[in-house]
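What follows is a single structure, written as structure tokens, with notes after it.
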Amino acid sequence: MNVISDSATMLRRNFRHTTRNPLALFNAIIMPIVLMFLMVYVLGDAFSVGVDYADYATPGLILTTICYGISPTAIAVNSDMTTGFINRLRVMRVSRAAVLNAHVIGTMLRSLAAITLVIGVALLMGFRPSASFSQWLGVIGIVVLTVLAISWLTVAFGLASKSPESAGLVGVPLMLLPFLSSAFVPADKMGPGARQFAEYQPFTSIIETLRGLLTGSPSAGSAITAIAWCVGIMLIGWVWARASFTKRA
Amino acid sequence: MNGSAIAVSGLRKAYKDKVVLDGIDLDVRAGTIFALLGPNGAGKTTTVNVLTTLLTPDAGKVVVAGHDVVTETKAVRAAIGVTGQLASVDDLLTGEENLLLMADLLHLPKAEGKRIADRLLDRFDLGEAASKPAASYSGGMRRKLDLAMTLVGEPQIIFLDEPTTGLDPRSRRTMWEIIRELVAGGTTIFLTTQYLEEADELADRIAVLDQGRLVAEGTADELKRQVPGSHVRLRFTDRHALDVAAQVLPASTRDDEELTLRVPGDGGVRSLRALLDRLDRHSIDVEELSVHTPDLDDVFLALTGHANTKVNAR
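From first to last, the protein sequence lines stand for chains A and B. The first sequence begins at 1 in my numbering and counts up one residue at a time. The second sequence begins at 250 in my numbering and counts up one residue at a time.
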């Protein structure tokens with residue numbers, strides 16, 4: 001009954017955390033931009049991807065932005081658990097869903113803000129999307145789904161970790177996964193092993209879907225795969241998060 | 250509110266095969282301070298967690314504020330406030346924001362939340378630091394803010410888990426003052442501590458917890474009386490007086506170096522007068538007389554058979 005107002009209260013708190021600790025947002029924005037400079041200006045010309053490299057790399061950078069911005073969420077969730085803050089909330093009859101919802105929604109807003117900025121920089125660097133209005137809506141939809149999936153998984157990881165330090169490690173594999181996907185180089189140019197991994201890992205289908213939508217030639221096949229991956233990961237994260245939350249708090 | 254604020258009978262709790270609480274019975278009168286005293290690992294925090302609905306007991310009946318903690322969790326939560334061992338304040342928020350967060354989560358109207366927050370900041374002397382992040386607070390200020398956050402909901406019963414552990418002596422005194430004021434206002438306090446001095450200073454009744462069992466319960470004075478060892482210490486000016494006195498008082502033990510004599514006795518006026526009369530009859534001059542009643546340290550040692558290491562270390 002109070003889930004909505006409690007979620008809003010907790011979200012305001014998380015929002016304040018972001019403004020007090022701007023480094024979290026800074027990391028999520030600066031790192032992808034640095035990466036973009038590296039890829040587009042330094043390395044990009046060495047790759048023959050068939051299209052302008054800024055157009056090729058931007059969908060991958062959108063995903064990278066999500067991944068670079070995720071560690072603070074895991075750390076924040078874990079701190080709530082390990083500092084006893086959660087016990088205070090439990091005794092106050094605060095809806096348990098509200099605490100986790102606020103972390104997920106907060107991550108969502110932070111990611112969307114960072115992605116908007118990163119796309120802005122990409123446009124300055126020569127990114128020329130040819131998506132229609134409805135295709136842009138599709139882009140937003142896929143991005144929202146991806147953030148939901150990754151943030152529920154991150155929340156679960158934060159809940160299950162022993163300390164904020166180990167919770168922060170969740171970002172490491174997520175930062176590496178884009179390199180083992182079609183984000184910067186097409187999968188078929190990779191060596192054996194890496195290629196198969198890149199072809200079948202979830203990021204590739206998400207990136208291919210975004211790339212298709214942004215260039216105005218969406219592919220239904222990769223979209224269905226991407227949506228299935230997102231929903232699946234989100235469900236696993238959500239169930240895992242609920243279970244760890246009940247166990248620990 | 251009259252009668253029992255907290256009634257516990259036969260409380261048991263085990264983690265896997267490790268028994269943490271092995272049949273606890275407690276009765277805390279409303280409007281009093283009850284101290285649960287014990288060393289680290291005795292089961293104090295587990296007791297608090299069960300009483301505050303955070304843990305489910307394995308066996309036994311626990312009634313807090315007239316409601317069963319297992320079947321009427323919500324009603325219990327509405328009546329209690331908890332300040333845990335770790336100060337659970339939000340470091341990135343300011344003192345005032347922390348209090349307003351509590352008010353919002355209690356669904357208080359905005360204006361009322363602000364009024365309560367201002368009053369608490371003022372009362373706990375945190376007015377100046379109100380707009381600074383809690384991360385910049387000293388240990389004592391954090392504890393005060395933590396307690397203030399608990400008070401936003403005006404709970405009838407407050408649980409304080411080691412409220413002064415790690416505080417400097419001055420902050421500890423301040424915390425004691427605050428606790429006394431709360432009780433004067435009708436609140437019931439259940440506190441845990443490993444400091445005997447703190448229980449002695451604050452509590453109306455004290456229960457001593459050791460390895461999951463209550464080894465004693467009563468007022469500080471009652472506990473002290475359970476321990477033999479009250480004695481009168483006499484000091485003499487010279488060896489001769491000591492020799493004579495030792496003969497007159499055969500039950501005593503002498504210390505030749507200090508020129509003192511330890512006479513067992515309860516230190517009451519009647520026995521003291523009898524002792525002085527006896528010394529007078531034999532014309533023994535006493536340089537100094539002092540009565541020693543055991544403090545809670547002695548009680549703890551006598552009751553549990555091992556010292557409270559934490560106290561020794563202080």
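Yeah, the Cβ is synthetic: ideal placement off N, Cα and C, and Gly gets one too.
Beta-carbon contacts of residue i that lie in its chain and below 6 Å, excluding the five residues immediately before and after
i      : result
B/E537 : R484
A/N2   : S95
B/S253 : D276
Inter-residue spacing [alpha-carbon to alpha-carbon] between residue i and residue j
i      : j      : result
A/A149 : A/V155 : 10 Å
B/D353 : A/E199 : 48 Å
B/L342 : B/P382 : 5 Å
B/A456 : A/I29  : 56 Å
B/L451 : B/M351 : 28 Å
B/F373 : B/T423 : 9 Å
B/G333 : B/T502 : 47 Å
A/S48  : A/K247 : 51 Å
B/V313 : B/T301 : 8 Å
A/T209 : A/L89  : 41 Å
A/R16  : A/G106 : 10 Å
B/G388 : B/R462 : 32 Å
B/V401 : B/L369 : 8 Å
B/G259 : B/A433 : 31 Å
B/R563 : B/G292 : Confidence at B/R563 is low in this model, with a pLDDT of 33, below 50, so the placement of that residue should be treated as unreliable; the coordinate-derived value is given next. Between B/R563 and B/G292, the C-alpha separation is close to 21 Å.
B/D487 : B/L508 : 7 Å
A/G126 : A/F37  : 11 Å
B/S385 : B/E466 : 40 Å
A/I75  : A/G221 : 36 Å
B/A366 : B/A378 : 13 Å
A/S132 : A/G141 : 14 Å
B/L286 : B/R278 : 17 Å
B/P358 : A/T19  : 25 Å
B/V257 : B/I438 : 15 Å
B/E411 : B/A328 : 20 Å
Of the residues the options, the one placed nearest residue i, counting alpha carbons only
i      : options                           : result
B/L552 : B/Q460, B/A495 and B/G514         : B/Q460
B/I533 : B/L491, B/T320, B/R503 and B/V548 : B/L491
B/H316 : B/R522, B/I255 and B/K363         : B/I255
B/V297 : A/V91, A/K247, A/A74 and A/N78    : A/V91
A/V231 : A/A183, A/G212, A/A220 and A/W152 : A/W152
A/T9   : A/T215, A/F26, A/S132 and A/A98   : A/A98
B/V481 : B/A523, B/E377, B/D395 and B/V548 : B/A523
A/W238 : A/V147, A/S71, A/L123 and A/F197  : A/V147
A/A122 : A/A226, A/P32 and A/S219          : A/P32
B/Q405 : B/K473, B/A324, B/S380 and B/V512 : B/A324
Per-residue DSSP class, three states only, for residue i
i      : result
B/R511 : strand
A/I236 : helix
B/E537 : strand
B/E466 : strand
B/M250 : With a pLDDT of only 45 at B/M250, under the threshold of 50, the placement of this residue in the model should not be trusted, and no figure is reported.
A/I70  : coil
A/K162 : coil
A/Y53  : helix
B/L341 : coil
B/R563 : Annotation note: pLDDT 33 at B/R563 (below 50); position unreliable, no value reported.
B/K267 : strand
B/A500 : coil
B/S258 : strand
A/R93  : coil
B/A284 : strand
B/D459 : strand
B/K381 : coil
B/D276 : strand
A/R128 : coil
B/D307 : coil
Cut-off 7 Å between Cβ atoms - residues of its own chain near residue i, not counting five sequence neighbours on either side
i      : result
B/H531 : V493 and V497
B/M398 : V338, N347, L348 and M351
A/M279 : Nothing about residue 279 of chain A can be read from this structure; chain A reaches only from 1 to 249.
A/L35  : L61 and T64
B/R261 : L270, D271, G272, P306, D307, A308 and G309
B/L394 : V338, G344, N347, L375, A383 and Y386
Own chain residues within Cβ distance below 8 Å of residue i, not counting five before or after
i      : result
A/V77  : L100, H103, T154, V155, G158, L159 and A167
A/V40  : Y53, A54, A57, M125 and G126
B/R527 : V497 and L498
A/V42  : none
Short CB-CB distance (under 8 Å) between residue i and chain E
i      : result
B/E346 : In the displayed structure, chain E is absent; the protein chains listed are A and B.
Could you tell me whether the region 153-172 of chain A touches the region 180-198 of chain A, where touching means 3 or more Cβ pairs closer than 8 Å? no
Tell me, please, whether the region 48-62 of chain A touches the region 79-95 of chain A by the rule of three or more beta-carbon pairs shorter than 8 Å. no
Touch test, the region 423-434 of chain B against the region 276-288 of chain B, Cβ-Cβ under 8 Å, three pairs minimum: yes
Segment contact, 8 Å Cβ cut-off, at least three pairs: the region 257-276 of chain B with the region 412-423 of chain B: no
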